[in-house]
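Quick notes on the structure that follows.
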Amino acid sequence: MTAIQWSDGAPIYRQLKERVVAMMLDGVLKPGDALPSVRQVAAEYQLNPITVSRAYQELADEALVEKRRGLGMYVTEEAARKLLLNERERFLKEEWPLVLERIQRLGLSTEELLGAGNDQKAGTP
1 MTAIQWSDGA PIYRQLKERV VAMMLDGVLK PGDALPSVRQ VAAEYQLNPI
51 TVSRAYQELA DEALVEKRRG LGMYVTEEAA RKLLLNERER FLKEEWPLVL
101 ERIQRLGLST EELLGAGNDQ KAGTP
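FYI, the UniProt record's numbering numbers position 18 of the sequence shown as 18, with every residue one higher than the one before it.
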């Protein structure tokens, strides 16, 4: 895992869970990959092992990881697909309406938005 800045806005176990979810969505953690052990994560980030266990348990409850007795936690085969569907749905229900409202408030056209996206891809400001 990479360096994490903990914020005061959410419990640490939830922030850790979201970091693991992001790693799954980004393809850093792939189906069949083992998660770092609870002890390893707790030591690396100076966390209570119970905090790490709680984050891992939520991932297991959502069937994103599975416990293998004596071996640890592993990313499930369907984790990426589930996450992508859930994140798309959440984006469309929660984030997109706010983005659309702002676009309309600013009077931006489709051409301006697409042009700005193409400029960003090309590396121009």
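Where a beta carbon is used, it is the ideal one built from N, C-alpha and C, also for glycine. Small disclaimer: the values here were computed from a predicted structure and weren't measured.
Less than 9 Å divides the Cβ of Val38 from the Cβ of Pro49. Here Ala63 is not near Val52, since their CB atoms are 9 Å or more apart.
Between Lys17 and Ala55, the C-beta gap is smaller than 9 Å, which places the two residues in contact.
The C-alpha of Pro11 is placed about 15 Å away from the C-alpha of Leu59.
Counting only the Cα atoms, Thr110 lies some 15 Å from Trp96.
Ranked by how close their Cα comes to the Cα of Met23, the residues Trp6, Ala79, Asp8, Gln57 have Ala79 in first place. Assignment of Gly115 by DSSP, reduced to helix, strand and coil, places it in the helix class. Listed as beta-bridge partners of Met24 by DSSP are no residues whatsoever. Taking all protein chains in view, the Cβ of Val21 is crowded by 16 or more other Cβ atoms within 10 Å, so the residue is classified as buried. Counting along the chain, Arg105 sits inside no beta strand (DSSP E); it lies in the alpha helix (DSSP H) bounded by residues 96-106.
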